[in-house]
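Chains as they are written, first to last, in numbering that gives the first Met the number 0: chain W, 0 to 510; chain V, 0 to 334; chain R, 0 to 318.
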Amino acid sequence: MRWVDFKDSVRRFWEDFKHQKAGITGLILLILLVVLAIGAPYMTSPDVPVKWQTGVAWITNPKNAPPSWENYFTSQTRAVQAEYTITNMHVQTIKNGTYTIYKLSLTYNMKYDVPPADIVVMGLHSNATNPKQVPQVQMALVRPPEKGVKDNRLNLISQITLPNNNAIQVAHLDQTRNHVLYWLYLNGVLKIPNVPPSMITPDNINMFVMTNTTLYQMVAAMDSMRVMFGRLTDSNGNPLPIEKVISTPQSLKGTYGLVITITVPSNVKVDFTNFKVAFVGRTYGLLGTDQYGRPIALGILWGTRVALAIGLAVAITSVLIGILIGVTSAYLGGWADEAIQRFTEFMMTLPVLPMLILLSLYFGGRVNLTQLVFFLVIFGWMGTSKVARSMALQIKEQTYVEAARALGASTGRVVFKHIVPQLLPYAFASIALSVPGAILSEAGLSFLGLTSQNLITWGQMLNTAHQNGATINGYWWQVIPPGLAISFVGLVFVLLGVSLDTVLNPRLKRA
Amino acid sequence: MAEPILQVKNLKKYFPLKRGFLAGLRGEPERYVHAVDGVSFDIYKQQVFALVGESGCGKSTTGRLIVKLLEPTDGKIYLEGQDVTTITTKEELLAYKRKVQIIFQDPFASLNPRFRIFDVLEEPLLIHGIGETRAEREELIYKALEMVKVTPPEEYVSRFPHQLSGGQRQRVAIARALILDPEFVVADEPVSMLDVSIRAEILELMKELKERMGVTYLYITHDMSTARYFADWMAVMYLGRIVEMGPAKRVIDNPLHPYTRALLAAVPEPKPERRNVIKELPIKGEVPSAVNIPPGCRFHPRCIYAQKGLCDVKQPELKEYEHNHFAECHLVGKF
Amino acid sequence: MTTNALEVKNLKMYYFTSRGPVKAVDDISFTLKRGEVLGLAGESGCGKSSLGFTLLGMPTPPGKIIGGSIKVDGREIVGLPEDVLRKEIRWEKISMIFQGAMNAMNPVYTVGYQMIEPLIYHKGMDQDEALERAQKYLELVGLDPEIVYRYPHELSGGMKQRVIIATALLMEPTVVIADEPTTALDVIVQAQIINLMKRLKKELNLSMIFITHDLSILAEISDKIAIMYAGKIVELGPSEKVYYEPAHPYTQKLLAAIPRLHEDVDRLEFIPGQPPNLLNPPKGCRFNPRCPYAMQICKEQEPELKEVDKDHYAACWLL
Ligand SMILES: Nc1ncnc2c1ncn2[C@@H]1O[C@H](COP(=O)(O)OP(=O)(O)OP(=O)(O)O)[C@@H](O)[C@H]1O
Ligand SMILES: Nc1ncnc2c1ncn2[C@@H]1O[C@H](COP(=O)(O)OP(=O)(O)OP(=O)(O)O)[C@@H](O)[C@H]1O
Ligand code: SF4
Ligand code: SF4
Ligand SMILES: [Mg+2]
Ligand SMILES: [Mg+2]
Numbered sequence: 000m001r002w003v004d005f006k007d008s009v010r011r012f013w014e015d016f017k018h019q020k021a022g023i024t025g026l027i028l029l030i031l032l033v034v035l036a037i038g039a040p041y042m043t044s045p046d047v048p049v050k051w052q053t054g055v056a057w058i059t060n061p062k063n064a065p066p067s068w069e070n071y072f073t074s075q076t077r078a079v080q081a082e083y084t085i086t087n088m089h090v091q092t093i094k095n096g097t098y099t100i101y102k103l104s105l106t107y108n109m110k111y112d113v114p115p116a117d118i119v120v121m122g123l124h125s126n127a128t129n130p131k132q133v134p135q136v137q138m139a140l141v142r143p144p145e146k147g148v149k150d151n152r153l154n155l156i157s158q159i160t161l162p163n164n165n166a167i168q169v170a171h172l173d174q175t176r177n178h179v180l181y182w183l184y185l186n187g188v189l190k191i192p193n194v195p196p197s198m199i200t201p202d203n204i205n206m207f208v209m210t211n212t213t214l215y216q217m218v219a220a221m222d223s224m225r226v227m228f229g230r231l232t233d234s235n236g237n238p239l240p241i242e243k244v245i246s247t248p249q250s251l252k253g254t255y256g257l258v259i260t261i262t263v264p265s266n267v268k269v270d271f272t273n274f275k276v277a278f279v280g281r282t283y284g285l286l287g288t289d290q291y292g293r294p295i296a297l298g299i300l301w302g303t304r305v306a307l308a309i310g311l312a313v314a315i316t317s318v319l320i321g322i323l324i325g326v327t328s329a330y331l332g333g334w335a336d337e338a339i340q341r342f343t344e345f346m347m348t349l350p351v352l353p354m355l356i357l358l359s360l361y362f363g364g365r366v367n368l369t370q371l372v373f374f375l376v377i378f379g380w381m382g383t384s385k386v387a388r389s390m391a392l393q394i395k396e397q398t399y400v401e402a403a404r405a406l407g408a409s410t411g412r413v414v415f416k417h418i419v420p421q422l423l424p425y426a427f428a429s430i431a432l433s434v435p436g437a438i439l440s441e442a443g444l445s446f447l448g449l450t451s452q453n454l455i456t457w458g459q460m461l462n463t464a465h466q467n468g469a470t471i472n473g474y475w476w477q478v479i480p481p482g483l484a485i486s487f488v489g490l491v492f493v494l495l496g497v498s499l500d501t502v503l504n505p506r507l508k509r510a
Numbered sequence: 000m001a002e003p004i005l006q007v008k009n010l011k012k013y014f015p016l017k018r019g020f021l022a023g024l025r026g027e028p029e030r031y032v033h034a035v036d037g038v039s040f041d042i043y044k045q046q047v048f049a050l051v052g053e054s055g056c057g058k059s060t061t062g063r064l065i066v067k068l069l070e071p072t073d074g075k076i077y078l079e080g081q082d083v084t085t086i087t088t089k090e091e092l093l094a095y096k097r098k099v100q101i102i103f104q105d106p107f108a109s110l111n112p113r114f115r116i117f118d119v120l121e122e123p124l125l126i127h128g129i130g131e132t133r134a135e136r137e138e139l140i141y142k143a144l145e146m147v148k149v150t151p152p153e154e155y156v157s158r159f160p161h162q163l164s165g166g167q168r169q170r171v172a173i174a175r176a177l178i179l180d181p182e183f184v185v186a187d188e189p190v191s192m193l194d195v196s197i198r199a200e201i202l203e204l205m206k207e208l209k210e211r212m213g214v215t216y217l218y219i220t221h222d223m224s225t226a227r228y229f230a231d232w233m234a235v236m237y238l239g240r241i242v243e244m245g246p247a248k249r250v251i252d253n254p255l256h257p258y259t260r261a262l263l264a265a266v267p268e269p270k271p272e273r274r275n276v277i278k279e280l281p282i283k284g285e286v287p288s289a290v291n292i293p294p295g296c297r298f299h300p301r302c303i304y305a306q307k308g309l310c311d312v313k314q315p316e317l318k319e320y321e322h323n324h325f326a327e328c329h330l331v332g333k334f
Numbered sequence: 000m001t002t003n004a005l006e007v008k009n010l011k012m013y014y015f016t017s018r019g020p021v022k023a024v025d026d027i028s029f030t031l032k033r034g035e036v037l038g039l040a041g042e043s044g045c046g047k048s049s050l051g052f053t054l055l056g057m058p059t060p061p062g063k064i065i066g067g068s069i070k071v072d073g074r075e076i077v078g079l080p081e082d083v084l085r086k087e088i089r090w091e092k093i094s095m096i097f098q099g100a101m102n103a104m105n106p107v108y109t110v111g112y113q114m115i116e117p118l119i120y121h122k123g124m125d126q127d128e129a130l131e132r133a134q135k136y137l138e139l140v141g142l143d144p145e146i147v148y149r150y151p152h153e154l155s156g157g158m159k160q161r162v163i164i165a166t167a168l169l170m171e172p173t174v175v176i177a178d179e180p181t182t183a184l185d186v187i188v189q190a191q192i193i194n195l196m197k198r199l200k201k202e203l204n205l206s207m208i209f210i211t212h213d214l215s216i217l218a219e220i221s222d223k224i225a226i227m228y229a230g231k232i233v234e235l236g237p238s239e240k241v242y243y244e245p246a247h248p249y250t251q252k253l254l255a256a257i258p259r260l261h262e263d264v265d266r267l268e269f270i271p272g273q274p275p276n277l278l279n280p281p282k283g284c285r286f287n288p289r290c291p292y293a294m295q296i297c298k299e300q301e302p303e304l305k306e307v308d309k310d311h312y313a314a315c316w317l318l
């Protein structure tokens, strides 16, 4: 075929194809998928696949949090993830000879019925060599004024060290809990009778609480975050009963301040570039998070890459190989055909999953992308080859092939002008159908933990969700998006496949 | 008379029967379908030679052998005096195929459903490297369509076969065969799938093209009436052999072979006044399989004149009984 | 006076397709006496098979009878519920030899089983009785009764067609519709089948509708001939009249298109163009785009069937 003819047939194909609504939809969606897949590193960051596997990267994220937009459908709004870097903070540096003190302050608008789940401070880097020189952190929350509350400044941490690569998770600190209790005591909410106030400090308040069993149980179940962002008084400024404040806290909406004081010996340098303060949401982003705090949306986005790569690579390769083998077999005929057919049948009788498991184990238990594609192709070409062979045999007997041969057409011409084009719609349809199959096979292997973990795949996400009991716990956002993503890719390819078939197969075309 | 353009001499084609794997192992003899079993005839320039006979008698196989879609088991084919059964090189084969073309029975099956009419007609040009540019080929294609009266050509070139009527499809198939300007065309039942009203039109067209382009036809049919109308010569085939051959009108008006007589008696006549008469059919039984050919005269199990001891043992030969009128029967003129 | 075997009046059956109604049977009337054969001819797609199915009261979906009457042995069958049709009419009163039925036989059942299955399921006959009946009719069509135990692939084309004919006769119907019963057969077998049908007509006093596109076959057997064009009967009359004095231009053309075995014809006539699409047939006379005599009126008004001679009708403005 010459270039002009090729251009011409592409043009004619496009003339026909552009009238196919389903096909155009499929094409647009496919382009979208490709853009997402290629754009993922630029839209997010290229190190996502590395971070994905390490728990610490997601420490600032809530675990198992539903998507933020769930707030529109629930009666109570829940805090959305909020993160601050040094550029969002007001920094005051005080040097007093032996120490340098950094006073970082930021404001947080708490407008939710359910306040953040945690406050995480991390990413502080210092060149301290000796444990004694490690930065010391103090933290206080400045609440909006509330009637009847004497002091709206609440200490959260009186002192804690923050070595490199460590994080402070406020919600889990005893220190913070004690400060919160003490503050409740100061504001007359928590009552400790028969003890002179001068005897009570944040450090020992817990001891007094323990003497009262009901109170102690209540405190043990307390969510300090909800209390520190909660109301202490009623609208008249009278202290609320302790049960209400601790067990069914009502959030105090308004602008909060967070003051973090970092003290280091003056010879130590601190680097704030990666410093981060997160108000860990009760909900997260577009699609929530999994049990490690990894954003589902990020996983879906990155999963597109692997899905398309595996799906297309496996489908195209195995269909092409299948057609090649099938047509060759049909054309050779005789004992060659016989041998190829018996081999194909042998391959078909092999149980795929056990074979894949064996192969994966043989190749080290964790197979990478190329190996996976290779394995899936090995077990994916037979169906196409069988159909291609029988179609080729049938076409070979058609009168128009005889007519072409009578005109003097060579075998090559018959194969490439008459047989292969007939197989094209079938090839496209089977590529379309193999894509979801390949993705599912990958998911199956991932489920068994046999794929390389530096891939982000929808299969692995489903696997994670399964291990997390997502279905039992109602974490729908961990199951439905990857599931839908797989079906969506399937749909896109079916739309394309069906329309290609319609266009390339004139008998289906509406006159 | 001039030299014949095509000569067929003792042509044979046996198809091996598919034998089971086990049968092969047990060493059972291979069996054959004797599709064409010793056929000889000459065809003269610009004449129409009809090959008639019942289904399975080997008409199409003969046609396919001539266009070299099949290789003969034995026998020779000469085109303009040249032996074509020994052609070996690709160039010679292509040159031969340019001179000898075929038109098939089913006009739908013989056109690739995904080829537009343009592609259908361009295929022979591309194969034989005719027409340098697309424009040149387009001109040839338009001319061919005009020749077969699929007009205006520009309206049809971009259609698919299924967008044409049966008659138009067959015209396109004819155009494809004639675009190479062949000398000899095998027309294998070109009208039997078409409606009566269209048949006549296609036959007229083929006749006209014969005059205009000087082609010679081998017209394969099972229909005696169209053979008489269209052909100059006629051969009747039975079980792979020609049993009678001669000028078409002679064969029909004065059949010599009992099988020809039976065939002619069976042709429906448009004579309604004879509708209640049960027709005498001078034949018995059914066509035997081409695998087990009866000994002697292969027609003898069905022949009502068969003579025991003669017809069932001795194979008759094709002999000239009238001028140019041959028959293969021991008892011509004796019944 | 005896009742007619079949009386059809103004019968209309359209296929209601997504692109509009296909007027495959459009206002058809004729009568068929006992022991008479009506030949129905016309080009492919003109509605011959559709008419056959309609007469059986079972147009293929999406076809619906939208008007007219069909009286079999005096009994109106249009509007009868399906179960009555199946129990009392179909095969009992009127049966059909379907186009291509001989190639549609199921290869995994014996011939006998295929013949008697409907008798057992629809008519509640017991197996022995049904088998006996099948054998009786196989003998009548000239086959060995033992054929009931054979499989279709063991039979030749002619034998299969005989089986199909015997099957249509099993319930001793008054009318048999034979849809292209000889089309796929070789000339000799075709002649044998036609001989068989002539004999059946005489011996059983059978009424038949013989459908074919080949006018010369019709002459072999029909008493009356109806020429169909685009869903309508354009000419109807005794065979001799239609053959020797065709009134309608279409019939004339059709007859002139047949090559004759023993006559020399210089040029065959043919009808240019192709039959109309029944989704929107031409206005006026449906034949007008192909008719050499078409006049202005032909393009505007539809001609009605007119009696041109005794019992000979044609629908043309020329008459
Ligand atoms: N490729 C083949 N392989 C095996 N047998 C064949 C092949 N082609 C034809 N035959 C057999 O050869 C015999 C002659 O076939 P052929 O097609 O020549 O008959 P025909 O006279 O053209 O019949 P028809 O009128 O049905 O076309 C038949 O018995 C057929 O089954
Ligand atoms: N089930 C159906 N749905 C829609 N249209 C149909 C259906 N069956 C037949 N037709 C149309 O009705 C018309 C008449 O068809 P029918 O089969 O009756 O023709 P026919 O005269 O028997 O042709 P043939 O000689 O090819 O058998 C045709 O145009 C056909 O396309
Ligand atoms: S040779 Fe004998 S059997 Fe053969 S056709 Fe002549 S008479 Fe009949
Ligand atoms: S009515 Fe007119 S168009 Fe129709 S057949 Fe008669 S003359 Fe021709
Ligand atoms: Mg043939
Ligand atoms: Mg029909």
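Quick reminder that beta carbons are idealized off the backbone N, C-alpha and C, glycines included.
Source: prediction; values computed, not measured.
Pair within 8 Å by beta-carbon distance, residue i and residue j
i                : j                : result
Tyr312 (chain R) : Pro248 (chain R) : no
His33 (chain V)  : Ala289 (chain V) : yes
Tyr320 (chain R) : Val21 (chain R)  : Here chain R covers residues 0 to 318 and nothing more, so residue 320 (chain R) does not appear.
Ile140 (chain V) : Leu78 (chain V)  : no
Ile193 (chain R) : Thr181 (chain R) : yes
Ser43 (chain R)  : Asp194 (chain V) : yes
Leu180 (chain W) : Val208 (chain W) : yes
Lys67 (chain V)  : Tyr95 (chain V)  : yes
Cβ-Cβ separation, residue j to residue i (assumed contact under 8 Å), whole Å
i                : j                : result
Cys56 (chain V)  : Tyr237 (chain V) : 6 Å
Val119 (chain W) : Val279 (chain W) : 6 Å
Lys252 (chain R) : Ser196 (chain V) : 7 Å
Leu105 (chain W) : Leu161 (chain W) : Incorrect: roughly 17 Å between the Cβ atoms, too far for contact.
Within chain A, the residues that residue i reaches when beta carbons sit closer than 8 Å
i                : result
Asp187 (chain V) : Absent here is chain A; the protein component of the structure consists of chains W, V and R.
Under 8 Å, with one C-beta from each stretch per pair, do the region 73-87 of chain R and the region 18-35 of chain R reach the 3-pair mark? no
Where are the alpha helix (DSSP H) runs, 4 residues long or more, that stay fully inside the region 219-256 of chain V, in chain order? 223-229, 247-252
Would you list the residues whose beta-carbon is nearer than 5 Å to any heavy atom of ligand 4, in the order they occur in the chain? R:Pro248, R:Cys284, R:Phe286, R:Asn287, R:Cys290, R:Tyr292, R:Ala293, R:Cys297, R:Pro302, R:Cys315, R:Trp316, R:Leu317
Any contact between the region 255-272 of chain R and the region 255-269 of chain V? By contact I mean 3 or more CB pairs, one from each, below 8 Å. yes
Please list the segments of the beta strand (DSSP E) lying wholly inside the region 120-189 of chain R, counting only runs of 3 or more residues, in order along the chain. 174-178
May I have a chain-ordered list of the beta strand (DSSP E) segments no shorter than 3 residues that lie completely inside the region 102-162 of chain V? none
Residue list, Cβ distance to ligand 3 heavy atoms smaller than 5 Å: V:Pro257, V:Cys296, V:Phe298, V:His299, V:Cys302, V:Tyr304, V:Ala305, V:Cys310, V:Pro315, V:Cys328, V:His329, V:Leu330
Mind pulling the beta strand (DSSP E) runs of 3 or more residues that sit fully within the region 67-131 of chain R? 93-96
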